[in-house]
Amino acid sequence: MKRLQEVMQPGQVLDNILLIGFMGSGKSSVGRQLAISQGKRFIDIDKEIVDACGLALCTLFYREGEEGFRDWESCTLRRLSGQQGMILSTGGGIVLREENRVLLRKMGIVVWLDATVDTLFERAMRSKERPLLQGEENPWKKFTSLLDLRRGLYRGLSDLYIDSSHLTHEEVTSKIMEDVATWKHNSAHHAAH
Ligand code: S3P
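In terms of our numbering, the sequence shown opens at residue 27 and continues consecutively.
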């Protein structure tokens, strides 16, 4: 598997923090807290999509299929790509399209929130708004196979990795702030030498 990015990429915006990771990793809850702590705007891509298309996620999936949803997702990411000063929470499948990965790489510091598969599954099953798991005869099988496919993509895209399995949202928020500060410091040091 590819390693995390250790230094900033040319043209990478350092004023935005982008949260990626699988369903149940806590991107939205942590993102909201992080935005408050950092005095930045919180944007949740799934919520932007729901507001723009006027449909609940499950209805959108039902009417337009996963590809239709992915088109909304890519289009929403493009629309947000010029913004500064935001904490962006993304949907778990945003990493599937290369055009999204290319944009995310430039848009900010990418933090991969992860947890053990049991923790992710237990958290993800609490919500009814997870269209990819709705109506599945064996949601565990679907969940683990999607996760296997995506972990390499999260790793290849991210600057920082946080395992939230045993941490509260507050602890994850503090850890992100500390790790981002260290990462920026190291990147600046690397750029100067
Ligand atoms: C998806 C994850 C969801 C949402 C959509 C598709 C996925 O977001 O974007 O249901 O493909 O993993 P969360 O990761 O916030 O659950």
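All residues carry an ideal CB built from backbone N, CA and C; glycine is no exception.
Would residue i and residue j be called neighbours here (beta carbons separated by less than 8 Å)?
i, j, result
"Val181", "Trp138", "The identity of residue 181 in the sequence shown is Arg, whereas the question assumes Val. Going by C-beta atoms, Arg181 is nearer than 8 Å to Trp138."
"Val143", "Leu44", "no"
"Leu83", "Asp97", "no"
"Gly134", "Asn212", "no"
"Met203", "Ser54", "no"
"Leu114", "Ile69", "yes"
"His216", "Val39", "no"
"Ser51", "Leu183", "no"
"Asp189", "Ala150", "no"
Who are the near neighbours of residue i in its chain, counting only those whose CB is closer than 6 Å to its CB and skipping five residues on each side?
i, result
"Leu179", "Val121"
"Ala218", "none"
"Leu103", "Asn126 and Leu129"
"Phe87", "Phe95 and Pro157"
My output table needs one value for residue i: the three-state DSSP class, helix, strand or coil.
i, result
"Arg127", "helix"
"Ser115", "strand"
"Arg156", "coil"
"Phe169", "helix"
"Leu44", "strand"
"Leu146", "helix"
"Val33", "coil"
"Val39", "coil"
"Asp77", "helix"
"Asp140", "strand"
"Asp189", "strand"
The ligand MG heavy atoms versus the CB of residue i: any closer than 7 Å?
i, result
"Ser171", "Absent from the structure shown: the ligand MG. Ligands present: the ligand S3P."
Does residue i come within less than 8 Å of chain B when only Cβ atoms are used?
i, result
"Tyr88", "Protein chains in the displayed structure number just one, and chain B is not present."
Give me, in chain order, the residues of the same chain whose beta-carbon lies closer than 8 Å to that of residue i; leave out the 5 immediate sequence neighbours on both sides.
i, result
"Gln35", "Arg131 and Lys132"
"Glu162", "Lys168"
Measuring from the CB of residue i, is there a heavy atom of the ligand S3P at a distance below 7 Å?
i, result
"Asp72", "yes"
"Lys53", "yes"
"Leu158", "yes"
"Met49", "yes"
"Gly118", "yes"
"Leu83", "yes"
If you drop the 5 nearest sequence neighbours on each side, which residues of the same chain put their C-beta closer than 7 Å to that of residue i?
i, result
"Glu125", "Ser100"
"Ser107", "Leu129 and Met133"
"Gln160", "Cys84"
"Arg105", "none"
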